[in-house]
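Trainee: Counting in numbering that gives the first Met the number 0, the sequence shown runs from 0 upward without gaps. Ideal placement from N, C-alpha and C gives every residue a C-beta, glycine not left out.
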Amino acid sequence: MRILHTADWHLGRTLEGRSRLEEQAQFLDELSLIAADEKADAIIMAGDVFDTVNPPAAAEQLFYESISRLSDKGNRPVVVIAGNHDNPERVQAASPLADTQGIYLVGYPTADVLTIDVPSAGQTMAMAALAYPSEARLKEVLSDTHDEILLRNSYDERIRDLFAVMAGKFRKETVNLAMSHIYVAGGSSTDSERPIEVGGAYTVAASSLPELAQYTALGHLHRPQTLKRASSAARYSGSPLAYSFSETGYAKSVTMVEADPGGQAQVSEILLSSGKPLVKWRAQEGLHQVHQWLDEGKDKLAWIDLEVHLKDTLSLEEIHRLRKSHPGFVHIRPVFEKNMNEEIRESRANLPIDELFTRFYEKQTGGAKPDGETMKLFLDMVHDETKEEEDRG
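Now the structure itself:
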């Protein structure tokens with residue numbers, strides 16, 4: 000049996016207000032092609048279908064159209080669990096319709112195991128599908144104290160027990176898999192996983208994953224990675240798109256798992272090509288270097304975080320010109336050679352402090368002047384600091 004593992008679609012997510020829906024649609028087109036080319040018998044999606052509990056209608060439409068296409072009228076079973084970003088009721092609301100197409104939507108964490116006939120493989124899959132198991136969704140209080148270590152130990156024990164109960168329902172004649180949307184200790188995170196307690200109380204030890212599962216499909220962490228400390232094969236497939244600039248330079252992929260009843264799972268990575276990369280430009284030679292890169296067509300189809308080193312203020316007109324030259328600029332941050340304290344020390348004898356602050360403020364904001372409240376706050380801070388120095392002296 001060949002199982003295609005994916006996760007963390009975050010449909011509807013934007014990048015500083017810029018829509019990624021077109022890129023997400025491109026990924027789902029690519030996923031459909033991969034499923035056909037790789038002869039996937041089933042597809043499993045390990046949570047965070049949407050980016051918010053109340054996704055835009057266009058994101059929901061894209062989801063339902065895509066999983067319907069992926070299921071191939073029930074010939075290729077699809078299993079989807081809710082992640083921490085998803086509304087569990089919303090994810091499973093379409094179950095009465097989805098079930099008829101071989102699509103299994105799991106919103107809340109339970110100890111139930113799905114038994115799914117996989118037509119193209121002529122085998123049966125036993126899936127321990129554990130949707131995002133927070134205390135609220137488990138409807139349990141795992142610790143009476145606020146001690147993070149005690150809560151983490153209680154949470155880890157509860158997840159381990161849930162997996163043990165589910166694994167007890169595996170059979171020798173089935174392909175036995177587990178799937179969840181959790182943070183496993185030792186996984187490498189990025190800035191775009193939010194707002195789950197990464198590294199905090201909701202942490203599960205790799206040893207708590209079910210040993211009897213031939214493969215454990217994980218969601219939540221956006222970097223594709225295999226867990227080496229797990230007792231059986233376990234992997235985060237990662238997000239299909241880069242969702243923060245901390246993911247710059249990381250290849251995106253989905254995971255193909257091949258397993259037969261009683262055998263060891265064979266795991267391989269399939270790289271993705273859809274979506275715009277997120278890149279960082281550091282123009283230490285100034286604005287002319289940025290224009291040189293633009294003339295060269297550098298990163299023409301990317302989203303860009305630009306840091307440009309300057310001696311003088313970057314005007315609003317120049318900012319507009321840059322954005323017109325490349326629609327992918329997300330951040331444009333000027334970095335000046337002298338910071339505020341250096342300017343004050345060098346010029347304090349010649350200019351009043353409020354004038355120095357006004358000049359610094361204009362330089363940092365591209366020409367804006369500080370309002371009265373901002374100026375008052377700054378002068379109060381200077382006064383307090385001066386008074387403290389006098390008291391110490």
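Based on the DSSP output, what are the partners of Ala-282 in its beta bridges?
Mentor: Val-307
Trainee: Just curious, the alpha helix (DSSP H) that Ile-181 is in, first and last residue?
Mentor: Note, Ile-181: premise wrong, no alpha helix (DSSP H); not H, not E.
Trainee: DSSP puts Leu-217 in a beta bridge; with which residues?
Mentor: Ser-179, Tyr-235
Trainee: Exposed or buried, what is Gly-82 when buried is set at 16 or more other beta-carbons lying within 10 Å of its beta-carbon?
Mentor: buried
Trainee: Label Asn-175 either buried or exposed according to how many other C-beta atoms from any shown protein chain fall within 10 Å of its C-beta, with 16 as the threshold for buried.
Mentor: buried
Trainee: Quick check: the Cα distance between Lys-227 and Val-79, rounded to an integer number of angstroms?
Mentor: 25 Å
Trainee: Pull up the CB-CB distance for Gly-101 and Val-77, whole angstroms please, since I reckon it's below 8 Å.
Mentor: 7 Å
Trainee: Buried or exposed, going by whether 16 or more other CB atoms sit within 10 Å of the CB of Asp-294?
Mentor: The residue in question, Asp-294, is exposed, as its Cβ has fewer than 16 Cβ neighbours within 10 Å.
Trainee: Among Phe-359, Asp-304, Ala-233, Glu-88, which has the Cα closest to the Cα of Leu-412?
Mentor: Summary: the structure shown does not reach residue 412, with the chain confined to residues 0 through 392, and so no result is reported for it.
Trainee: Whole-angstrom Cβ separation of Ile-66 and Pro-132, contact assumed at under 8 Å?
Mentor: Not quite, the Cβ-Cβ distance comes to about 23 Å (not below 8 Å), so this is no contact.
Trainee: Measuring alpha carbon to alpha carbon, tell me which of Ala-125, Met-380, His-221 ends up nearest Met-165.
Mentor: Ala-125
Trainee: What did DSSP end up calling Met-0 once you bin it into helix, strand or coil?
Mentor: coil
Trainee: Tell me, please, whether the CB atom of Thr-247 is closer than 9 Å to any CB atom in chain C?
Mentor: Among the chains in the structure shown there is no chain C, since it carries only a single protein chain.
Trainee: Can at least three beta-carbon pairs, one atom from the segment 37 to 57 and one from the segment 83 to 90, be found at a separation below 8 Å?
Mentor: yes
Trainee: Going by beta carbon distance, what residues of the same chain come within less than 6 Å of Ile-343, once the five residues before and after it are set aside?
Mentor: Low local confidence applies: a pLDDT of 49 at Ile-343 is under 50, so the model's placement there is unreliable, with the coordinate-based value given in what follows. Excluding residues within five positions, the ones whose Cβ falls inside 6 Å are Leu-355.
Trainee: Give the straight-line distance between the Cα atoms of Lys-168 and Thr-114, rounded to the nearest whole angstrom.
Mentor: Straight across, the Cα-Cα distance linking Lys-168 with Thr-114 is about 10 Å.
Trainee: Just the C-alpha distance for Pro-194 and Thr-254, rounded to the nearest angstrom, thanks.
Mentor: Residue placement at Pro-194 is poorly supported in this model, since its pLDDT is 42, which falls under 50; the coordinates still yield a value, given next. Computed Cα separation, rounded: 25 Å.
Trainee: May I ask you to report which of helix, strand or coil DSSP gives Gln-291?
Mentor: helix
Trainee: Whose CA, out of Phe-328, Ser-252, Leu-141, Ser-273, lies closest to the CA of Lys-297?
Mentor: Phe-328
Trainee: Arg-75 and Asp-116 - do their beta-carbons sit closer together than 9 Å?
Mentor: Not in contact: Asp-116 and Arg-75 (Cβ atoms no closer than 9 Å).
Trainee: Taking a contact to mean a Cβ-Cβ separation below 9 Å, would you say Ser-236 touches His-9 in this structure?
Mentor: In this structure, His-9 does not lie closer than 9 Å to Ser-236 by Cβ.
Trainee: Can you confirm whether the segment 243 to 259 touches the segment 215 to 227 when touching is taken to mean that 3 or more C-beta pairs between the two stretches lie within less than 8 Å?
Mentor: yes
Trainee: In chain order, what are the residue ranges of uninterrupted beta strand (DSSP E) at least 3 long that sit wholly in the segment 105 to 181?
Mentor: 113 to 117, 122 to 129, 174 to 180
Trainee: With which residues is Ala-14 paired in a DSSP beta bridge?
Mentor: In the sequence under discussion, the amino acid at residue 14 is Leu, which differs from the Ala named in the question. Arg-17, per the DSSP bridge assignment.
Trainee: Give the DSSP-derived three-state secondary structure of His-330 in the structure shown.
Mentor: In the structure shown, His-330 sits in a strand (DSSP, three-state: E or B).
Trainee: Between which two residues does the beta strand (DSSP E) carrying Ala-41 extend?
Mentor: Per DSSP, Ala-41 belongs to the beta strand (DSSP E) from 41 to 44.
Trainee: If you draw a straight line from the C-alpha of Val-278 to the C-alpha of Val-112, how long is it?
Mentor: The C-alpha of Val-278 lies about 42 Å from the C-alpha of Val-112.
Trainee: If the criterion is Cβ atoms closer than 9 Å, does the pair Ser-411 and Ile-148 meet it?
Mentor: Residue 411 lies beyond the stretch modelled for the chain, which goes from 0 to 392, so this question has no answer here.
Trainee: Which value, in whole angstroms, describes the spacing of the CA atoms of Leu-309 and Val-289?
Mentor: Each residue's alpha carbon lies about 11 Å from the other.
Trainee: If contacts are defined as beta-carbon pairs under 8 Å, then Ser-94 and Arg-68 qualify, I think. What distance do you get, rounded to the angstrom?
Mentor: At roughly 18 Å, the Cβ-Cβ gap does not stay under 8 Å, so Ser-94 and Arg-68 are not in contact.
Trainee: What is the C-beta distance between Ser-267 and Ser-230, in whole angstroms, given that I count them as a contact (C-beta under 8 Å)?
Mentor: Not confirmed; about 21 Å, so no contact.
Trainee: Rounded to the nearest angstrom, what separates Lys-38 and Leu-315 at their Cα positions?
Mentor: 53 Å
Trainee: Hey, quick one: how far does the beta strand (DSSP E) through His-257 stretch, first residue to last?
Mentor: Note on residue identity: the sequence assigns Glu, not His, to residue 257. That run of the beta strand (DSSP E) goes 252 to 257.
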